[in-house]
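From first to last, the protein sequence lines stand for chains R and S.
Under my numbering, think of the first position of the first sequence as 1, with each following residue one higher.
Under my numbering, think of the first position of the second sequence as 252, with each following residue one higher.
Glycine residues also receive a C-beta, built at the ideal position from the N, C-alpha and C atoms.
There are 2 protein chains.
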Amino acid sequence: MTGPIQIIPVHGIGEVVPADDLPTIIHIALKEQDISLIDGDVVVVTQKIVSKAEGRMVDPTTVEPSHMAHMAAAQGHKDAHHYEIVLRESRRVVRMDRRVLITETHHGLICANAGVDESNVGSERLVTLLPVDPDRSASRLRDALCERSNATVAVIISDTFGRPWREGQVNVAIGVAGIDPLADYAGQPDTHGYMMQASNIAVADEMASAAELVMGKVDAVPVAIIRGYNYTPTNASAQKLIRSPERDLFR
Amino acid sequence: MTGPIQIIPVHGIGEVVPADDLPTIIHIALKEQDISLIDGDVVVVTQKIVSKAEGRMVDPTTVEPSHMAHMAAAQGHKDAHHYEIVLRESRRVVRMDRRVLITETHHGLICANAGVDESNVGSERLVTLLPVDPDRSASRLRDALCERSNATVAVIISDTFGRPWREGQVNVAIGVAGIDPLADYAGQPDTHGYMMQASNIAVADEMASAAELVMGKVDAVPVAIIRGYNYTPTNASAQKLIRSPERDLFR
Chain R
1 MTGPIQIIPV HGIGEVVPAD DLPTIIHIAL KEQDISLIDG DVVVVTQKIV SKAEGRMVDP
61 TTVEPSHMAH MAAAQGHKDA HHYEIVLRES RRVVRMDRRV LITETHHGLI CANAGVDESN
121 VGSERLVTLL PVDPDRSASR LRDALCERSN ATVAVIISDT FGRPWREGQV NVAIGVAGID
181 PLADYAGQPD THGYMMQASN IAVADEMASA AELVMGKVDA VPVAIIRGYN YTPTNASAQK
241 LIRSPERDLF R
Chain S
252 MTGPIQIIPV HGIGEVVPAD DLPTIIHIAL KEQDISLIDG DVVVVTQKIV SKAEGRMVDP
312 TTVEPSHMAH MAAAQGHKDA HHYEIVLRES RRVVRMDRRV LITETHHGLI CANAGVDESN
372 VGSERLVTLL PVDPDRSASR LRDALCERSN ATVAVIISDT FGRPWREGQV NVAIGVAGID
432 PLADYAGQPD THGYMMQASN IAVADEMASA AELVMGKVDA VPVAIIRGYN YTPTNASAQK
492 LIRSPERDLF R
């Protein structure tokens with residue numbers, strides 16, 4: 001029988017800068033809050049602090065805008081330098097209309113501005129890029145957190161994406177380690193003994209969304225622990241959440 | 252400072268049949284589990300038991316399939332009777348390809364098969380339809396639960412939808428009462444005093460997703476309580492989550 005799940009915000013993380021050791025920062029914040037990680041905890045970390053620690057930041061004035069970056073700037077909300085970075089982080093333009101630039105990143109993620117975000121490091125105006133390999137980032141973070149806490153935890157790296165048809169953004173999983181991002185209910189008998197219709201639930205996205213509820217924006221809570229969710233630890237990739245072109249009706 | 256959030260599964264609800272009094276059923280299940288609703292709780296209820304209680308069920312053999320229903324059956328996974336019901340629950344076909352029929356329902360929701368689901372009531376093979384007005388269903392449920400519990404709670408009616416580009420389904424909010432489904436962070440200063448980029452978070456969808464984590468499929472947990480989420484009680488509609496045609500890049 002499923003028990004309750006807790007979503008625990010991790011406070012006091014503060015500003016992360018390049019070459020910071022994220023596992024140490026998270027470990028200290030947890031200690032100060034008297035939280036010990038336990039087996040089965042899922043640690044959700046926002047992309048932004050991972051990218052900052054990994055030095056995935058660019059000064060927009062250092063890149064030369066291309067023709068299409070100027071076109072995007074003429075129609076959009078940002079300047080041509082910003083859009084040039086977006087285009088360089090992308091392998092395909094999905095939609096460019098109504099002041100919005102939606103692209104497919106080199107990872108296969110489809111989102112506004114390739115996940116490139118304005119950021120401030122001290123007084124510098126930089127932009128953050130998504131991690132080069134969010135699964136690898138998650139995996140490294142997981143190894144370090146497991147070792148320090150002596151517990152088997154999973155890690156999800158999250159970002160906030162818009163979606164077609166529905167208003168508002170939701171947090172989704174862009175990198176995972178130690179947990180299957182999909183839970184497959186296909187073919188299990190339901191409570192009446194009937195075989196259920198296939199359903200494949202994107203639990204890593206649901207956990208990223210759950211974590212967002214304690215993260216807020218102004219509070220600066222870039223890490224949350226999900227405790228009590230039942231799963232089998234396993235190696236898997238957030239690539240499983242990306243629909244292949246053959247299965248995608250919206251190409 | 253944000254505190255932890257709990258997601259509490261409500262067990263023991265059992266099979267719901269037409270004309271069942273859902274507030275009473277939920278109230279009894281809560282009591283048996285020694286849970287008292289408190290101010291600020293958000294009660295997430297899956298569409299299926301709401302539809303069943305409201306008698307939103309049809310015997311597919313009683314409807315006459317149209318030409319297009321036969322076409323859908325020739326390409327899809329269900330029979331023509333089933334697709335006829337889907338078409339009658341829809342105001343627009345969004346995609347019909349690769350064995351999938353995605354439509355826009357009369358509410359404006361875009362999902363596979365218009366939310367029509369196979370169901371079993373005893374030995375009868377029926378299908379469930381979405382509630383006629385999920386906000387009204389949520390509102391009625393909310394009024395009754397508030398009265399019985401003497402607490403100001405909110406209600407979200409959820410369903411499991413697929414989405415473009417990403418694999419797996421997630422739970423989303425199709426009806427709400429007592430809570431704004433969107434949280435607007437636009438224009439608030441961040442922790443460094445900079446004005447933040449606009450972001451509008453679909454918190455009702457995130458809560459529906461969080462609730463799914465304790466619902467599972469085989470466990471038959473159609474209700475979950477989200478406790479500890481900070482919000483201001485308000486009248487709002489899940490229609491706010493539906494992107495208007497003018498703002499939708501994917502029409």
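Say whether chain C places a C-beta atom closer than 7 Å to the C-beta of residue i.
| i | result |
| --- | --- |
| R:Ile179 | Among the protein chains in the structure shown, which are R and S, there is no chain C. |
On the DSSP letters alone, give me the boundaries of the alpha helix (DSSP H) that residue i sits inside.
| i | result |
| --- | --- |
| S:Arg543 | No answer is possible for residue 543 of chain S: the residues shown for chain S start at 252 and end at 502. |
Residue i lies in the beta strand (DSSP E); which residues open and close that run?
| i | result |
| --- | --- |
| R:Asp24 | As written in the sequence, residue 24 of chain R is Thr, which differs from the Asp given in the question. Unbroken run through R:Thr24 is the alpha helix (DSSP H), 22-32; no beta strand (DSSP E). |
| S:Val295 | 293-297 |
| S:Glu245 | The requested residue 245 of chain S is not part of the displayed model; chain S covers only 252 to 502. |
| S:Arg478 | 474-478 |
| R:Pro331 | An answer regarding residue 331 of chain R cannot be provided, because it is not within the stretch 1 to 251 covered by chain R. |
| R:Pro112 | Contrary to the premise, residue 112 of chain R reads as Ala rather than Pro in this sequence. Unbroken beta strand (DSSP E) run through R:Ala112: 110-112. |
With a CB to CB cut of under 8 Å and the five nearest residues on each side skipped, what residues in its chain are close to residue i?
| i | result |
| --- | --- |
| S:Thr312 | His332 |
| S:Met458 | Val293, Val295, Ile407, Ala424, Ile477, Tyr480 |
| S:Ile264 | Ile276, Ile277, Ala280, Ile300, Ala471, Val472, Pro473, Val474 |
| S:Gln257 | Ile476, Ile477, Arg478, Gly479 |
| R:Thr234 | Gly178, Ile179, Asp180 |
| R:Asp20 | Lys52, Ala53 |
Excluding sequence positions up to five away, which residues of its chain have a Cβ less than 7 Å from the Cβ of residue i?
| i | result |
| --- | --- |
| R:Glu104 | Ser90, Arg91, Arg92, Val94, Ile110 |
| S:Ala365 | Val337, Glu340, Ser341, Thr354, Thr356 |
| R:Val58 | Ile85, Leu126, Val127, Leu129 |
| S:Met319 | Leu338 |
| S:Gly327 | Tyr334, Arg350, Leu352 |
| S:Ala434 | Ile452, Val454 |
| R:Gln169 | Thr160, Phe161, Gly162 |
| R:His70 | Ala80 |
| S:Ser460 | Val421, Asn422 |
| S:Asp487 | Looking at the sequence shown, residue 487 of chain S is not Asp but Ala. Excluding positions up to five away in sequence, the list reads Val427, Ile430, Asp431, Pro432. |
| S:Cys397 | Thr403, Val404 |
Assuming the contact rule is C-beta atoms closer than 8 Å, residue i and residue j should be a hit. Round their C-beta distance to whole Å, please.
| i | j | result |
| --- | --- | --- |
| S:Leu500 | R:Asp97 | 6 Å |
| S:Ala304 | S:Pro269 | 7 Å |
| R:Ala177 | R:Arg142 | 4 Å |
| S:Ile493 | R:Arg166 | 7 Å |
| R:Thr2 | S:Pro260 | 5 Å |
| S:Ala395 | S:Pro274 | 3 Å |
| S:Glu463 | S:Asn422 | 4 Å |
Residues in the same chain with beta-carbon distance under 6 Å from residue i, minus the five sequence neighbours each way, listed in chain order, please.
| i | result |
| --- | --- |
| S:Val267 | Ile300, Lys303, Ala304 |
| R:Ala154 | Val42, Gly178, Ile179 |
| S:Leu288 | Ser400, Ala402, Val404 |
| R:Thr138 | Per the sequence presented here, residue 138 of chain R reads as Ala, with Thr not at that position. The residues are Val155, Ile157, Gly175, Val176, Ala177. |
| R:Pro65 | Ala80, His81, Glu84 |
| R:Tyr231 | Ile179 |
| R:Glu32 | Gly12 |
| S:Gly306 | Pro269 |
| S:Lys329 | none |
| S:Asp456 | Val423, Ala424 |
| S:Asp386 | Gly426, Ser488, Ala489 |
| R:Ile46 | Looking at the sequence shown, residue 46 of chain R is not Ile but Thr. Excluding sequence neighbours, R:Thr46 sits near Ser158, Pro222. |
| S:Asp290 | Ala402, Thr403 |
| S:Ala323 | Tyr334, Leu352 |
| R:Gly108 | Ile242 |
Run the proximity test for residue i: is its beta-carbon closer than 6 Å to any non-hydrogen atom belonging to the ligand NAD?
| i | result |
| --- | --- |
| R:Ile110 | You won't find the ligand NAD in this model; it holds no ligand whatsoever. |
- Item | Contact residues within the stretch 305-322 of chain S, judged by C-beta distance below 7 Å to chain R | none
- Query: Which parts of the stretch 385-470 of chain S are runs of the alpha helix (DSSP H), unbroken and 4 residues or longer, counting only runs that do not cross its ends?
  - Reply: 385-400, 454-466
- Looking at chain S, which residues of the stretch 80-105 of chain R have a Cβ within less than 8 Å of any of its Cβ atoms? Arg95, Asp97, Arg98, Val100, Ile102
- Mind listing which residues of the stretch 474-492 of chain S have their C-beta closer than 7 Å to chain R's C-betas, in chain order? Tyr480, Lys491, Leu492
- Message: My parser needs the beta strand (DSSP E) runs of 3 or more residues fully inside the stretch 72-97 of chain R; what are they?
- Response: 90-97
- Anything in the stretch 254-273 of chain S with a Cβ closer than 8 Å to a Cβ of chain R? List those residues in chain order, please. Gly254, Pro255, Ile256, Gln257, Ile258, Ile259, Pro260, His262, Glu266
- Task: Anything in the stretch 160-171 of chain R with a Cβ closer than 8 Å to a Cβ of chain S? List those residues in chain order, please.
- Result: Thr160, Arg163, Pro164, Trp165, Arg166, Glu167, Gly168, Gln169, Val170, Asn171
- Message: Output needed in chain order: residues of the stretch 394-408 of chain S with a Cβ under 7 Å from some Cβ in chain R.
- Response: none
- Given a limit of 7 Å on CB to CB distance, which residues of the stretch 279-293 of chain S reach chain R? none
- Message: If the cut-off is 9 Å on Cβ atoms, which residues from the stretch 126-145 of chain R count as contacting chain S, listed in chain order?
- Response: none
- Message: To be precise: take each residue of the stretch 201-213 of chain R, compare its Cβ to all Cβ atoms of chain S, and keep it if any distance is under 8 Å. Which residues remain?
- Response: Ile201, Ala202, Val203, Asp205, Glu206, Met207, Ser209, Ala210, Glu212, Leu213
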